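Notes follow once the structure below has been shown.
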Amino acid sequence: MGSGKYLTVLLGSLLLLGVGCVSFSTGGTSTMADGGLFKSGDRGETWQQKTAVLTVGGEARNFSNTNAATIVQDPADARALYMGTSENGLFYSHDAGESWSQPAQLNRGRIASVTVNPKDKCDIYVTTENKVMKSRDCARSWTTTYLDPRPEKKMVAVVVDHFNPNIVWTANDAGDVLKSTDAGESWANVVTMKSPVMRILMNAVESRRLYVATKNTGIWRTDDGGANWQDLSEVYRSFSGSMEFMDMVLGVSDPNTVIFASKYGLLRSTNGGDEWESIELLTTPGSTAIYSVTVDPKDVNNIYYGTATTFYRSQNGGVNWVPKKLPSSRAATFLLVDSLNPSTVYMGVTRFKK
């Protein structure tokens, strides 16, 4: 998309924002305003909070008091970021997090998942409450493309097929996995898992291979676009606590690499999930809750994970680890490595309710 179109979208977003739509912080010096998003340009050595929100009148506003639910990078534009929050809607940035805007239609509630059409950057899907919503104009306006008839159920994941963007996957906390073959116009229930779905991840090369991670009944894989499913937990459930899912990431440079965090710790597969090994950490298995894990898209040996207090980095596949204190009193609940510049790492943080 050209700069002229971006300017139009930006101005439209500012008009949609208006005064008072973002009221999480007005530039005060609250010691508790250490939420939202942090960015590192040196693989986690140092961090800067990036939560400034664009406003029409130039008033200093930010979302420093929010909790992060997800962070996504546009696959066609590394400077375009989308951040879903736990209670305060969606924010998006076109300058790698230096400034943010918020759609008026999505300025509240939990945004659990975001996906961007890799062949059309203005085509965006999000999950919020019991809905999947879609924008065709770079987040300026949104329509509901799927509505679960049970208002108490939550849509938790959405993924666009990178080979055929007309195929869209979504899932809810009832365990239902749904598929659309017409860009969200209609849906079919493909499979129902026995516990809430937590993630849907798609292989970076073969889009028919997907992983569905559930809360406590294992990770399931399909190699044929949903016709058949394999329970991968049959070969890793011997690791104590591994059935309690926390987070998961797929390799990009090596699509056969799968790493997932559970109450056990970190497990890794180098053959797509057929076999698993434990990644040795500085802490003993089961002793520390790992809330987030990610890998360098250009080198799967660069692994990062986050806990309630610490950011960990390994540059040799987990043989050695460098721990760093978090720049926030909140837990590191989401991590993302920049697709073009692997030295840049984004971290979303969350304060859990006591």
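Going letter by letter, the sequence shown gives residues 18 to 371 in our numbering. Each residue gets a CB set at the ideal place from its N, CA and C atoms; glycine is no exception. It should be emphasised that the depicted structure is a prediction, and the values quoted were computed from it without experimental measurement.
query	result
Please state whether the Cβ-Cβ distance between Ile320 and Phe277 is less than 8 Å.	no
Where does Glu294 sit, in a helix, a strand or coil, going by DSSP?	strand
Leu357 lies in the beta strand (DSSP E); which residues open and close that run?	Premise fails: Leu357 is in no beta strand (DSSP E) and is neither H nor E.
Should Val310 and Asp355 be called a contact, given that it needs their Cβ atoms to be closer than 8 Å?	no
Hey, which unbroken runs of the beta strand (DSSP E) at 3 residues or more fall wholly within the segment 242-301?	262-267, 275-279, 283-286
Hey, quick one: how far does the beta strand (DSSP E) through Gly53 stretch, first residue to last?	53-57
Taking the straight line between their C-alpha atoms, what separation do you get for Arg167 and Thr187?	15 Å
Using C-beta distances below 6 Å, list every residue in its chain close to Ala325, excluding the 5 sequence neighbours before and after it, in chain order.	Ala348
Counting C-beta neighbours from all protein chains within 10 Å, is the total for Met49 16 or more, i.e. buried, or is it exposed?	exposed
Identify the continuous beta strand (DSSP E) that holds Asp193 and give its terminal residues.	193-197
Could you say which of Leu299, Met260, Pro272, Tyr329 lies nearest to Asp316 if we only look at CA atoms?	Pro272
Any idea what DSSP makes of Leu123, helix, strand or coil?	helix
Considering Cα atoms alone, identify which of Gly242, Asn233, Asp240 is closest to Glu251.	Asn233
Measuring only the C-alpha atoms, how far is Thr239 from His179?	16 Å
Taking the beta strand (DSSP E) that Lys341 belongs to, which residues open and close that run?	339-342
If you drop the 5 nearest sequence neighbours on each side, which residues of the same chain put their C-beta closer than 6 Å to that of Glu261?	Asn233, Ser279, Lys280
Pick out the complete alpha helix (DSSP H) segments inside the segment 110-166, 4 residues or longer, and give them in chain order.	none
How would you label Gly258, buried or exposed, when you count the other beta carbons within 10 angstroms and need 16 or more for buried?	exposed
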